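Novice:
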Amino acid sequence: MSEESPTLRVDFLLDTEYQYAVGQYGTRFFTELRDHARFVGVQCLECGRVYVPPRPVCGICYRELQEWVEVGPGGTIVGWTVVRIPFIDPMTGEQRPVPYGFAIVRLDGASTSLYHFLDETDERKIRVGQRVCAVFREKREGSLRDVLHFRLLEE
Amino acid sequence: MRRVAIIGAAQTRFEARKASLAYNELVYGVVRELLDRTGISMREIESMVTASQDAYDGKTISGMAINEVVGAYLKSEAKVAADGLQALLYGVARILSGEFDLTLVVAHCKESEGQSSAITSLMFDPFVQRPLGLDELTAAALQARCYCRKRRITSEDMALVAVKAHRQALKNPYAQRAGEFTVEDVLASPLLADPIHELEAAPRSDGACALLLASEERARRLVDRPVCIAGIGNCTDAYWTERDLAEARALQEAARRAYTMAGISDPAREIDVVEISARYAHEELMAIEALGLHASPVELIARDRASFITPSGGPLCGNPPTVSGLVRAVEAYWQLSGEAGARQVEGARVALAHGAGGICGQNQTVVILRRE
Amino acid sequence: MPRRVAIIATGQTKHTARRLDVNIRELITEAVTRALQDADLTMRDIDAVLLGNMEPFEGFLFPELWAVEGWGGYMKPSVKFNTGGTVGTTTAIAAYYYVASGIYDVVMAVGFEKQSEGHTQTAITTVGDPIWERSVMAGAIGNFAVMATTYMHESGVTEEQAAKAAVKARRNACLNEYAHLQMPDITVEDVLRSEVLAYPVKRLDMCPQSDGAVAVIFAEESKAQRLAPRPAWIRAVATAHEQQYMGDSPKRLAEMRSLIAASRRAYQAAGITNPRKELDVAEIYEVASFAELAMYENLGFCDRGEGGKLIDMGVTELTGELPVNPSGGVMSTNPIGATALIRVAEAALQIMGKAGRRQVEGARMALATGYGGNAWTDVMILSQEKP
Ligand SMILES: [Zn+2]
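Quick mapping for you: the protein sequence lines, in order, are chains Z, U and X. When we follow numbering that gives the first Met the number 0, the leftmost residue of the first sequence carries the number 0, and every step to the right adds one. When we follow numbering that gives the first Met the number 0, the leftmost residue of the second sequence carries the number 0, and every step to the right adds one. When we follow numbering that gives the first Met the number 0, the leftmost residue of the third sequence carries the number 0, and every step to the right adds one.
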């Protein structure tokens, strides 16, 4: 069959819904975030690492995690970008407005990092190692979106 | 040739909805229990095989959520996107290759989080079948019709399978649905897709299970008479609309391979306990026949001593998809290690675990376990 | 002592952006037919078929079972894997273990993807954890971009140096009749001037989306020797995972814990102490230009922070000391379910002396890698000499 011979196509729109359980560790984190606008992590008593997101086990030591500690709200940029490519937000089905700042942020006191938005879209003003601070929403509902974004701090 | 043994197993209770647990918590719970039961530390385990499905988990690469809790940090894990018993087969291959002594095998699913019918509709040919709105249940109903007509099986015969399953499940603490039902009860339960009634179809379930495989040498250091994998067989059939749905040829072939490897010539006499992965009642009858356990499966089920067929109650009493085949191996192992509690088949030495995947059981797996 | 295992045949489709003339089933058939022809085999010679595919990209559940006739699976054992970018190497490694185990003698590994048939960005975004990552993710490109800035900061690598890797890929691809993006005239300036998607990643730094399939046949020793004039022997396989979340790896590309662990384990098994000297060719899963340079460092081809210098010196060019991705790599061809298995197929072609215009003269030891999910890694080492 040659490329010239016209072939047909069928189109499907998959529209299926999921209801994800946040779980016990996540619920504790998001409850603290919603009710007190603060971050918590969970510490491994073997290696001392503080995990954000919190989770049942330290994968490195394979030790169950139970020791909760407060982290943030300040943090440091580990990696960053300014997204300029238009793309559909799978949570809303709508196009995310571009450009927007985006970073890997290590909260103070944590050993691992969160992905989140930055309040800056000028590439010349962002760098690795820069200090940031979480900006919380006024009305919080218990999800990572309760953090509006991270704000760059003046040096 | 090296041999592979099972040295421990664990499963969660199957429930319609485990709303309080995220995937990593669900799986960590079952792995922790397995480690505690066997006394093996995660440090000693270098190899893991997991089974789960992106479409059910609503996540591309469903294994990502659980790699850390199965202990795979800097270790070798692979995820099969197939029935859980396929994960056990690959685990066996990993140990037989000589590279690993221990392999953890884990399957999980939370069917409650997605929409099963929409998900299983994705198995169907997009050009000529999907537009018809088919799902796993409707295809199973078509198969039940074909099979029952060819073998002259009545609605009451099929209902008997459900009666037996739910009675067995009364003895299984992990079961989601159990009870003393009559044939009339089964036939009075809602008709889901003619001829399948609600009690003749697996419920929607959340759950996980895990097994620890070891080389025979390693297993002998832990137990005197280990439960070994004596035979394995897998076979893929044609797509469902391109074969005779009344026949289970792939299962016959998978069984033939497993029996040959295990040196079994008369399965009806040599196998003491069988765990069949029947998500619909007619599938249990088809499997009994295809596995060569009895020429007239209805007759066998109607007899009292049929309790060696799926003593756990099987998928009709709880069935997280993907977990279904692997938990059959968990049950078969417990029967041979004497840990099956009230559902124990006395003196069981040879057990069969069955798993199936795809539309109307397109891919079939058989595993034979033997205790010395 | 495990049984010795070798690759005896490979087959690929011509990878392109959109194959409107075939469906998934027919696409797979092209690759499988070519692999069987390569070793003059029929499906009767194949004991089992292992498949790799990322069905969220096509909106399918068990597409391989629908396509069974396309890969000759009727009445054969089979199993499907799904592990993200690594799925092709996961499948190849499983084929190795299944043959080494003695369960099967001849196993065919098949990887396929018709990425044009689904919504790639959505499928990639749902890689993110629904609770912790998805609502704030920026797709595959945003994710690579944040890793790239970390790497630039740690190693001092420049956008120009990364662009050189992108140019090398598309020029090498011109020598590969199966490659998707073939750009003979591409320059470093073209890459630097291409649209900024997410700083520092520009359009030409990234891999394309492709439709394609690949099949690779593995056999135990006696059959391998009988069926292939020069089999590619498997010397080592290794897999290493990361922790659960995207932000868990402390330095991402600048310190790829899983690639370091898996490659060192494989080098040790293959008796390699100096990979840059002892490997003759590498086919790595480089996803984006910056990742290729970072992988040089993490694979031990050079010291930390020297990835940019390695590309400046031309070490990894087709004519260099250690050619990397003579095929054009992932930056030229990326049908996800097939991509990592294409790395294995290309490494095998080099060992078998069948790589045509992209052949590295005298290649005796080759490396293939897969990279996927939350930064985890597969490694396979092939050689002309038996293990
Ligand atoms: Zn720890």
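Glycine residues also receive a C-beta, built at the ideal position from the N, C-alpha and C atoms. As the structure is a prediction and not an experimental result, all values here were calculated from the model.
Does the distance between the C-beta of residue 47 (chain Z) and the nearest non-hydrogen atom of ligand 1 fall short of 8 Å?
Specialist: Because some heavy atom of ligand 1 lies under 8 Å away, the Cβ of residue 47 (chain Z) counts as near it: yes.
Novice: Let's see if you can read the secondary structure: which residues bound the beta strand (DSSP E) around residue 23 (chain U)?
Specialist: It is not in any beta strand (DSSP E) - residue 23 (chain U) instead sits in the alpha helix (DSSP H) that spans 22-37.
Novice: Looking at chain Z, which residues of the region 62-80 of chain U have a Cβ within less than 7 Å of any of its Cβ atoms?
Specialist: Here the close residues are 67, 68, 70, 72.
Novice: Could one say the Cβ of residue 154 (chain Z) lies closer than 9 Å to chain U's Cβ atoms, at least one of them?
Specialist: It does not: the Cβ of residue 154 (chain Z) has no partner Cβ on chain U nearer than 9 Å.
Novice: Measuring straight from C-alpha to C-alpha, what distance separates residue 283 (chain U) and residue 202 (chain U)?
Specialist: Approximately 16 Å, taken between the alpha carbons.
Novice: Verify the contact flag: residue 275 (chain U), CB atom, against every heavy atom of ligand 1, threshold strictly below 8 Å.
Specialist: No; taking the cut-off as 8 Å, the Cβ of residue 275 (chain U) has no heavy atom of ligand 1 nearer than that.
Novice: Give the residues of chain X in contact with residue 124 (chain U), contact being defined as C-beta atoms less than 7 Å apart.
Specialist: Residues of chain X passing the Cβ test: 65.
Novice: So for residue 113 (chain X), helix, strand or coil by DSSP?
Specialist: Of the three classes helix, strand and coil, the one that applies to residue 113 (chain X) here is strand, per DSSP.
Novice: What are the residues of the region 14-28 of chain U that lie near chain X, defined by any Cβ-Cβ distance shorter than 9 Å?
Specialist: Those would be 21, 23, in chain order.
Novice: Strictly under 9 Å for the Cβ-Cβ distance: is residue 61 (chain Z) near chain X by that measure?
Specialist: No, no contact with chain X.
Novice: With 9 Å set as the bound, which would you pick, yes or no: does the beta-carbon of residue 323 (chain U) sit closer than that to a beta-carbon of chain Z?
Specialist: It does not; no Cβ of chain Z falls within 9 Å.
Novice: For residue 281 (chain X) versus residue 204 (chain X), is the C-beta distance shorter than 9 Å?
Specialist: Result no, Cβ atoms of residue 281 (chain X) and residue 204 (chain X) do not sit closer than 9 Å.
Novice: Grouping DSSP H, G and I as helix and E and B as strand, with all else coil, what is residue 170 (chain U)?
Specialist: Coil, per DSSP.
Novice: Ligand 1 heavy atoms versus the CB of residue 251 (chain X): any closer than 8 Å?
Specialist: Every heavy atom of ligand 1 is 8 Å or more from the Cβ of residue 251 (chain X), so no.
Novice: Taking only the alpha-carbon atoms, compute the straight-line gap between residue 109 (chain X) and residue 171 (chain X) and give it to the nearest angstrom.
Specialist: The alpha-carbon atoms of residue 109 (chain X) and residue 171 (chain X) are separated by roughly 24 Å.
Novice: Does DSSP classify residue 19 (chain X) as helix, strand or coil?
Specialist: It is coil, neither helix nor strand.
Novice: For residue 23 (chain Z), which three-state DSSP category applies?
Specialist: Residue 23 (chain Z): helix per DSSP, three-state reduction.
Novice: Report the neighbours of residue 93 (chain Z) on chain U: residues whose CB is nearer than 7 Å to its CB, in chain order.
Specialist: Correct list: empty, because the minimum Cβ distance to chain U is about 19 Å.
Novice: Strictly by DSSP, which residues pair up with residue 93 (chain Z)?
Specialist: Answer is Z:88, bridged to residue 93 (chain Z).
Novice: Using the beta-carbon of each residue, which ones in chain U are nearer than 9 Å to residue 123 (chain X)?
Specialist: Within 9 Å Cβ-Cβ: 59.
Novice: Can you tell me whether residue 326 (chain X) is helix, strand or coil according to DSSP?
Specialist: It is coil, neither helix nor strand.
Novice: Taking only heavy atoms of ligand 1 into account, decide whether any of them is closer than 8 Å to the Cβ of residue 43 (chain Z).
Specialist: Yes - ligand 1 has a heavy atom lying nearer than 8 Å to the Cβ of residue 43 (chain Z).
Novice: Looking at the unbroken beta strand (DSSP E) that takes in residue 376 (chain X), where does it start and where does it end?
Specialist: 375-382 is the span of the beta strand (DSSP E), which, as asked, contains residue 376 (chain X).
Novice: Give me the Cα-Cα distance between residue 357 (chain X) and residue 81 (chain X), rounded to the nearest whole angstrom.
Specialist: Roughly 30 Å separates the two Cα atoms.
Novice: Kindly give me the distance between the Cβ atoms of residue 69 (chain Z) and residue 101 (chain Z), rounded to whole angstroms, as I take these residues to be in contact under 8 Å.
Specialist: Wrong, their Cβ atoms sit about 25 Å apart, outside the cutoff.
Novice: Does the beta carbon of residue 131 (chain X) sit closer than 9 Å to a beta carbon anywhere in chain Z?
Specialist: Chain Z contact via Cβ: present.
Novice: Would residue 128 (chain X) pass as an interface residue toward chain U - the criterion being a Cβ-Cβ separation below 9 Å?
Specialist: Chain U contact via Cβ: present.
Novice: Spatial neighbours of residue 110 (chain U) within its chain, please: C-beta separation below 7 Å, excluding the five flanking residues on both sides.
Specialist: Closer than 7 Å at the Cβ level, and outside the excluded window around residue 110 (chain U), lie 55, 203, 204, 205, 319, 320.
Novice: Let me know the secondary structure DSSP gives residue 131 (chain X) once reduced to three states.
Specialist: Here residue 131 (chain X) sits in coil by DSSP.
Novice: In three-state terms, what does DSSP make of residue 14 (chain X)?
Specialist: Note: residue 14 (chain X) maps to coil in three-state DSSP.
Novice: Regarding residue 16 (chain U) and ligand 1, is the C-beta to nearest heavy atom distance less than 8 Å?
Specialist: False, no ligand heavy atom lies under 8 Å from that Cβ.
Novice: Whether or not the region 45-56 of chain X and the region 349-366 of chain X are in contact is what I'm after, with contact meaning three or more pairs of Cβ atoms, one per stretch, closer than 8 Å; do they touch?
Specialist: Short answer: they don't touch.
Novice: So that I know if they touch, is there some Cβ in chain X lying closer than 9 Å to that of residue 142 (chain Z)?
Specialist: Chain X, which has a Cβ nearer than 9 Å to the Cβ of residue 142 (chain Z), makes this yes.
Novice: Quick test of your reading: residue 117 (chain U) and residue 192 (chain U), contact by CB under 8 Å. State the CB separation rounded to the nearest angstrom.
Specialist: 16 Å between Cβ atoms; not a contact.
Novice: Per DSSP, what are the beta-bridge partners of residue 233 (chain U) in this structure?
Specialist: Bridge partners of residue 233 (chain U): U:364.
Novice: So, is the C-beta of residue 1 (chain Z) closer than 9 Å to a C-beta in chain X?
Specialist: Note on residue 1 (chain Z): pLDDT 47, under 50, position unreliable in the model; the coordinate value appears next. Output row for residue 1 (chain Z): interface = yes.
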